[in-house]
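Below is one structure, written out as structure tokens; comments come after it.
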Amino acid sequence: GDSVTQMEGPVTLSEEAFLTINCTYTATGYPSLFWYVQYPGEGLQLLLKATKADDKGSNKGFEATYRKETTSFHLEKGSVQVSDSAVYFCALTYVTGGGNKLTFGTGTQLKVEL
Amino acid sequence: DSGVTQTPKHLITATGQRVTLRCSPRSGDLSVYWYQQSLDQGLQFLIQYYNGEERAKGNILERFSAQQFPDLHSELNLSSLELGDSALYFCASSVSGLAGDPPYNEQFFGPGTRLTVL
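If you read the sequences in order, they're chains W and Y. Just so you know, the first sequence maps onto residues 0 to 113 in the working numbering. Just so you know, the second sequence maps onto residues 22 to 139 in the working numbering.
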């Protein structure tokens with residue numbers, strides 16, 4: 000079955016540090032890939048997405064590139080802010096039999112300190 | 022605000038009881054999805070409905086059931102509750118949810134219902 004593996008957290012960084020959160024996936028076929036963010040006490044928000052190999056998703060300074068050869072979709076940001084503190088989920092959608100479920104990684108908590 | 026609403030926000034109940042969680046999708050969205058978020062299992066897909074019909078099923082227990090009504094809102098029914106059912110239950114919606122153009126399958130999540138079983 001499909002699966003997503005994320006790096007364990009929590010990740011603690013100082014403000015303005017560079018962020019990388021690793022994500023690799025296993026899927027049959029060609030899924031769409033997503034990063035969702037969950038702020039404390041809130042639901043999930045779509046951060047960025049990529050629908051085919053070599054696509055780069057970007058939003059709010061975050062980027063991730065769909066790498067088919069390494070089955071990866073690592074999240075990066077050049078300079079994190081305290082307001083980026085949240086839990087980040089990597090996910091894939093693989094349409095099977097007409098459905099469209101999201102398969103999530105375990106989530107990586109990011110803490111950004113001053 | 023994603024446009025997806027869920028009620029109630031919090032629910033506290035006892036083992037053996039039955040509860041109903043409600044979700045209203047974004048205007049125009051035909052698909053509704055239910056997910057469970059727990060500490061030990063992470064975020065797990067439960068079930069998807071498209072325009073009133075069940076479309077996909079995940080790791081949903083037999084004690085749980087869902088439906089989508091003609092006005093497209095959905096309800097998740099949890100019965101014979103156990104301590105392990107304590108979790109955050111999210112609803113999401115998308116325009117489509119069928120095989121085809123991925124952008125139309127983007128899912129928007131509600132704020133969740135936190136269920137505590139004592």
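Every residue, glycine too, gets a C-beta built ideally from N, C-alpha and C. All values reported here derive from a predicted model rather than from experimental measurement.
Residue from the options whose Cα sits closest to the Cα of residue i
i	options	result
W/Leu101	Y/Gly63, Y/Arg47, Y/Asp22, Y/Thr26	Y/Gly63
Y/Thr41	Y/Arg47, Y/Leu32, Y/Gly49, Y/Gly105	Y/Leu32
Y/Pro91	Y/Thr34, Y/Phe130, Y/Tyr71	Y/Tyr71
W/Ser84	W/Gln5, W/Pro39, W/Gly56, W/Phe61	W/Pro39
W/Thr23	W/Val111, W/Met6, W/Leu43, W/Val81	W/Met6
Y/Pro46	Y/Asp22, Y/Gly79, Y/Gln65	Y/Asp22
W/Asp1	W/Cys89, W/Thr27, W/Asn58	W/Thr27
Y/Phe129	Y/Ala108, Y/Pro29, Y/Cys44, Y/Gln89	Y/Cys44
Y/Arg76	Y/Glu127, Y/Gln65, Y/Arg84, Y/Gln89	Y/Gln89
Neighbourhood of residue i by C-beta, 7 Å cutoff - its chain only, sequence neighbours within 5 removed
i	result
Y/Ile81	Leu67, Ile68
Bounding residues of the beta strand (DSSP E) (the contiguous stretch that carries residue i)
i	result
Y/Ala35	Unbroken run through Y/Ala35: none, as it is neither H nor E.
Y/Ile68	63-71
Y/Ile81	Note, Y/Ile81: premise wrong, no beta strand (DSSP E); not H, not E.
W/Lys100	First-last for W/Lys100: undefined, no H or E at that position.
Y/Tyr54	52-59
W/Glu112	107-112
The ligand NAD heavy atom lying under 7 Å from the CB of residue i
i	result
W/Val3	The ligand NAD is absent from the structure shown, which contains no ligands of any kind.
Sequence-distant residues of its chain with Cβ nearer than 8 Å to residue i (five each side left out)
i	result
W/Asn99	Thr92
Y/Thr36	Leu102, Glu103, Leu104, Val138, Leu139
W/Gly104	Val3, Thr4, Gln5, Cys22, Phe88, Cys89, Ala90
Neighbourhood of residue i by C-beta, 6 Å cutoff - its chain only, sequence neighbours within 5 removed
i	result
Y/Asn98	Thr41, Ser86
Y/Leu93	Pro46
Scan the segment 73-106 of chain Y for residues whose Cβ lies nearer than 7 Å to a Cβ of chain A and list them as they occur along the chain.
This model lacks chain A altogether, as its protein chains are W and Y.
Mind listing which residues of the segment 47-63 of chain Y have their C-beta closer than 8 Å to chain W's C-betas, in chain order?
Answer set for the segment 47-63 of chain Y: Ser52, Tyr54, Tyr56, Gly63.
Do the segment 63-80 of chain W and the segment 39-50 of chain W touch if we need at least three Cβ pairs shorter than 8 Å?
yes
Could you please tell me which residues of the segment 38-53 of chain W, in chain order, have their CB closer than 9 Å to any CB of chain Y?
Gly40, Glu41, Gly42, Leu43, Gln44, Leu45, Lys48, Thr50, Lys51
Anything in the segment 2-18 of chain W with a Cβ closer than 9 Å to a Cβ of chain Y? List those residues in chain order, please.
So nothing in the stretch comes that close.
Residues of the segment 24-40 of chain Y whose Cβ lies closer than 7 Å to any Cβ of chain W, in chain order:
Flagged: no residues at all.
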